[in-house]
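2 protein chains.
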Amino acid sequence: MSTDRWTISTQLDVSYEIRETPSLLDLDNPTLADVLTSDSQGGTKLVIVDRAVARLYGARLERYLKEYDVPHRLLELLGDEGRKTMGQVLQVISALNEVGTLRASDAPVAIGGGVVLDVVGLAASLYRRGIPHTRVPTTLLSLVDVSVAAKTGVNFQGFRNRIGSYSPPPLTLVDPAFLSTVSTRQISNGGGEIFKMGLIKDPALFALLENGGPALVANKFQSPEGAEAIRRAIAGMIDELRNNLWEKDLRRAVDYGHSFSPLVEMRHVQQLLHGEAVALDCLLSAFIAHGRGYLNHHEVDRIAATATGLGLPTWHPGFADTDLLMQALADTMRHRNGNQNLPVVESIGRATFLNDVSAEEIADAAHRMKRLGEHQESELVQRGTNR
Amino acid sequence: MSTDRWTISTQLDVSYEIRETPSLLDLDNPTLADVLTSDSQGGTKLVIVDRAVARLYGARLERYLKEYDVPHRLLELLGDEGRKTMGQVLQVISALNEVGTLRASDAPVAIGGGVVLDVVGLAASLYRRGIPHTRVPTTLLSLVDVSVAAKTGVNFQGFRNRIGSYSPPPLTLVDPAFLSTVSTRQISNGGGEIFKMGLIKDPALFALLENGGPALVANKFQSPEGAEAIRRAIAGMIDELRNNLWEKDLRRAVDYGHSFSPLVEMRHVQQLLHGEAVALDCLLSAFIAHGRGYLNHHEVDRIAATATGLGLPTWHPGFADTDLLMQALADTMRHRNGNQNLPVVESIGRATFLNDVSAEEIADAAHRMKRLGEHQESELVQRGTNR
Chain C
685 MSTDRWTIST QLDVSYEIRE TPSLLDLDNP TLADVLTSDS QGGTKLVIVD RAVARLYGAR
745 LERYLKEYDV PHRLLELLGD EGRKTMGQVL QVISALNEVG TLRASDAPVA IGGGVVLDVV
805 GLAASLYRRG IPHTRVPTTL LSLVDVSVAA KTGVNFQGFR NRIGSYSPPP LTLVDPAFLS
865 TVSTRQISNG GGEIFKMGLI KDPALFALLE NGGPALVANK FQSPEGAEAI RRAIAGMIDE
925 LRNNLWEKDL RRAVDYGHSF SPLVEMRHVQ QLLHGEAVAL DCLLSAFIAH GRGYLNHHEV
985 DRIAATATGL GLPTWHPGFA DTDLLMQALA DTMRHRNGNQ NLPVVESIGR ATFLNDVSAE
1045 EIADAAHRMK RLGEHQESEL VQRGTNR
Chain U
685 MSTDRWTIST QLDVSYEIRE TPSLLDLDNP TLADVLTSDS QGGTKLVIVD RAVARLYGAR
745 LERYLKEYDV PHRLLELLGD EGRKTMGQVL QVISALNEVG TLRASDAPVA IGGGVVLDVV
805 GLAASLYRRG IPHTRVPTTL LSLVDVSVAA KTGVNFQGFR NRIGSYSPPP LTLVDPAFLS
865 TVSTRQISNG GGEIFKMGLI KDPALFALLE NGGPALVANK FQSPEGAEAI RRAIAGMIDE
925 LRNNLWEKDL RRAVDYGHSF SPLVEMRHVQ QLLHGEAVAL DCLLSAFIAH GRGYLNHHEV
985 DRIAATATGL GLPTWHPGFA DTDLLMQALA DTMRHRNGNQ NLPVVESIGR ATFLNDVSAE
1045 EIADAAHRMK RLGEHQESEL VQRGTNR
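Residue numbers (our numbering), protein chains in the order written: chain C, 685 to 1071; chain U, 685 to 1071.
Below is the structure:
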């Protein structure tokens, strides 16, 4: 045997489903129970619940699990961005180990917002080198973004999602009715990612937000227009991920709004929610696109007005710190393997990429963004109202 | 848009290479330098080195990297089983973040034994959700086992490899000359995995070990027979993994020796090395096979004698603890999704699986194994020698 060089070439098939399931916790809706029992070997199911969700839905959930005789243990996790940590991941792994979760049966379920779903996703991808699980998003942001993505992640040393994996769970159950108990600010937060999706690839979705933003937020996306916006956002995300799930192509339109925002969000994590930071980055990038002649002044104004209509900020002092913006871009470039690959909107509903944006352009765009913010602020003051 | 159910189906292509590269650190061998510079964007390479390797080869490595002008930072890790922890994984991720390792360039290299390669492998699979790296195994165990596998892992709460991922690095460079400075006990340790491979699928490999075990260990696999044994072990491992890299099929012959040993090894981690625990499990399983009529008495004796010839133990008090063995099997069954799938040798060089092994059979096999161990012990004492 003289071979001294070996190659292994193989393929991993990945398939996962996102399914709308209204009235998920209604006692006469067996869907969740069917999912939980279909892979049962009689073991205890770990049911991981966002503490905020447990407060509102804990009793209904317990009643549901009891009704359907699901042997389970509840584990509550904290859902704020500051708790998106390896510590919470290890807490989940420890609980999985304690209940004795098998390799491919008695899979856990996670119910909550993006932080909880990302934490559980990472734990499930690491425990025994990966087990299946089911996820149930309960916030607008997790419903349109996390619930479609293959990514898991936690923050580390001040960097957003520095640690993570690509590991989509086989099934995500979506029940928009959860949104009825979500705070208005958290609805707007989710609106930030829908806003992004409209801007990069779906003019009809943008039109829904532009024409009906305040109403969508006021009734928490419970209207037919709200359902339509959610479905368009999910479908758009799927379309973008389908052929680039592992991000081998680092030119990703869905990264729009995610170039400068990660570090700004982490630095101002007490003030800014993810979707707010994303929306601010979308607007900054719109001003950069405007400077390149892609978007005209009127379109930038429409973008800003649509953000405002969704209850999203159009200015934050974090974006006045040009050093921070450049530092953020430098780190984002490391994530894009040394390239800017900066997604910008060339016309509403269509994205392109820039690779030669200068510090001056960014500072200039931030300056214009600030002026617009001040202008809006003074208009609001004149109207006797305020954010 | 009325869709309320979406499916994403896609494939991940994975390809990786294991390449023999004699004299890896010789200044006139450009292979490692070529690998380190081929993906360079001018950043700093993180070079992670087992502390035991750094002590012996640190100066040569530094001279090599200097000669080839590779901008780098060295990070030393501890290679003992007790340090196969998430703590060391986070230490690597922190260092990657500090030197600013990119998503797909300036990839790190790991040089060391199995613990270090598994720790770095997990870190690399998590940092930015996965970056490439190169691994250089320096012990016999890591050379024939870890260096071929796709698995990474760390121990957690007393359970071996409870946390991990499937994430093979694109390239492994194998230089058997590292073995010349490895201790005899560590050579025997690696011999445990080669022994397993011979037993489950390669009679010619088993014959090499049976006929020349003591000589192989004495000259640290530096002979042509040693090279042949290493290559057969690597080729056998590749053959087993090629079509089951993600272990969708939980009946794995390469799990031979890994059914009872993980927990016994963890409980006696100060006394037992991995390959020693594996060899003990191989022998226990041989006695179980004998009880089923697969192996005759003579074959079991040959298996035990071959282990002894390789400097491997044939008995350890951990295997007298039937409760511990049953607890180990229960946890292994969770890892095999509720099934025993116990690989046993039906004849030397061929494996089969059992799914109905009883506690009595295991206790009986352990008892016979103990008697054989006592017998060998008394023979050794009579000959005036001892392990």
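Ideal Cβ positions, reconstructed from N, Cα and C, are used throughout, including at glycine.
Note down, in chain order, each residue of its chain lying with its Cβ closer than 7 Å to the Cβ of residue i, except the 5 sequence neighbours on either side.
i          : result
Gly-763/U  : Asp-734, Arg-735, Ala-736, Gly-796, Gly-797, Val-799, Val-800
Glu-949/U  : Arg-844, Leu-956, His-958, Ala-961
Met-685/U  : Because Met-685/U carries a pLDDT of 46, less than 50, the predicted location of this residue cannot be relied on, and no value is offered for it.
Leu-806/U  : Val-773, Thr-836, Gly-837, Val-838, Gly-848, Ser-849
Gly-766/C  : Val-953
Gln-1073/U : This structure cannot speak to residue 1073/U, because chain U is shown only from 685 to 1071.
Thr-865/U  : Leu-740
Thr-868/C  : Val-901, Gly-995
Ser-809/C  : Thr-836, Ser-849, Ser-851
Gly-1073/C : An answer regarding residue 1073/C cannot be provided, because it is not within the stretch 685 to 1071 covered by chain C.
Thr-822/C  : Asp-734, Val-737, Ile-795, Gly-796, Gly-797, Phe-862
Gln-695/C  : none
Compute the distance between the beta-carbons of residue i and residue j, then report whether it is under 9 Å.
i          : j          : result
Pro-1027/C : Ile-884/C  : yes
Ala-791/U  : Lys-729/U  : yes
Asp-934/U  : Arg-1020/U : Per the sequence shown, residue 934/U should be read as Leu rather than Asp. Yes, they are a contact pair.
Ala-1047/C : Thr-992/C  : no
Arg-819/C  : Val-793/C  : yes
Leu-758/C  : Ile-732/C  : yes
Leu-994/U  : Ser-872/U  : yes
Glu-909/U  : Ala-899/U  : yes
Tyr-978/C  : Thr-1016/C : no
Leu-1056/C : Phe-944/C  : no
Gly-874/C  : Asp-829/C  : yes
Arg-951/C  : Gly-876/C  : no
Tyr-752/C  : Leu-709/C  : no
Val-803/U  : Thr-769/U  : yes
Arg-625/U  : Thr-785/C  : A query on residue 625/U cannot be resolved here, the shown segment of chain U reaching from 685 to 1071 and no further.
Arg-915/C  : Glu-746/C  : no
Val-698/U  : Ala-888/U  : no
Leu-1008/U : Leu-968/U  : no
Leu-824/U  : Gln-775/U  : no
Phe-754/C  : Thr-721/C  : Checking the sequence shown, residue 754/C turns out to be Val, not Phe. Against a cut-off of 9 Å, the Cβ pair of Thr-721/C and Val-754/C comes out as a contact.
Phe-905/C  : Thr-990/C  : no
Let me check one thing: in DSSP terms, what residues is residue i bridge-paired to?
i          : result
Leu-968/U  : Bridge partners of Leu-968/U: none, in fact.
Phe-1037/U : Pro-1027/U
Lys-729/U  : His-756/U
Ile-702/U  : Trp-690/C, Thr-856/U
Gln-695/C  : Asp-697/U
Lys-835/U  : Tyr-850/U
Leu-761/C  : Asp-734/C
Looking only at its chain, what residues have a beta carbon closer than 8 Å to the beta carbon of residue i, apart from the 5 residues adjacent to it on each side?
i          : result
Ser-707/U  : Asn-713, Asp-859, Ala-861
Arg-986/C  : Glu-894, Ile-1032
Val-832/C  : Ile-702, Thr-856, Ile-918, Met-921, Ile-922, Leu-925
Ala-788/C  : Asp-723, Ile-815, Pro-816
Lys-1054/C : Trp-999, Phe-1003, Ala-1004
Asp-1040/C : Gln-1024
Asn-781/C  : Tyr-811
Apart from the five residues just before and just after residue i, which ones in its own chain have a Cβ nearer than 6 Å to its Cβ?
i         : result
Gly-920/C : Met-881, Lys-885, Asp-886
Phe-840/C : Arg-846, Ile-847
Ser-826/C : Gly-797, Gly-798, Leu-801
Thr-691/U : none
Gly-742/C : none
Trp-664/U : Here chain U covers residues 685 to 1071 and nothing more, so residue 664/U does not appear.
Val-984/U : Ala-970, His-974
For this session: Any chance you could list the beta strand (DSSP E) runs of at least 3 consecutive residues sitting entirely within the region 781-830 of chain U, in chain order?
Result: For the region 781-830 of chain U, whole beta strand (DSSP E) runs of length 3 or above, ordered along the chain, are 793-796, 818-821.
Exercise. Whole alpha helix (DSSP H) runs in the region 838-900 of chain C with 4 or more residues, listed along the chain?
Worked result: The DSSP assignment places complete alpha helix (DSSP H) segments of no fewer than 4 residues inside the region 838-900 of chain C at 868-885, in order along the chain.
Problem set entry | Complete beta strand (DSSP E) runs within the region 982-1027 of chain U (minimum length 3 residues, chain order) | The region 982-1027 of chain U contains no whole beta strand (DSSP E) run of 3 or more residues.
For this session: Assess, as a yes-or-no matter, whether the region 969-987 of chain C is touched by the region 1028-1039 of chain C under the definition of 3 or more beta carbon pairs within less than 8 Å.
Result: The region 1028-1039 of chain C, when compared against the region 969-987 of chain C, does touch it at the 8 Å Cβ threshold.
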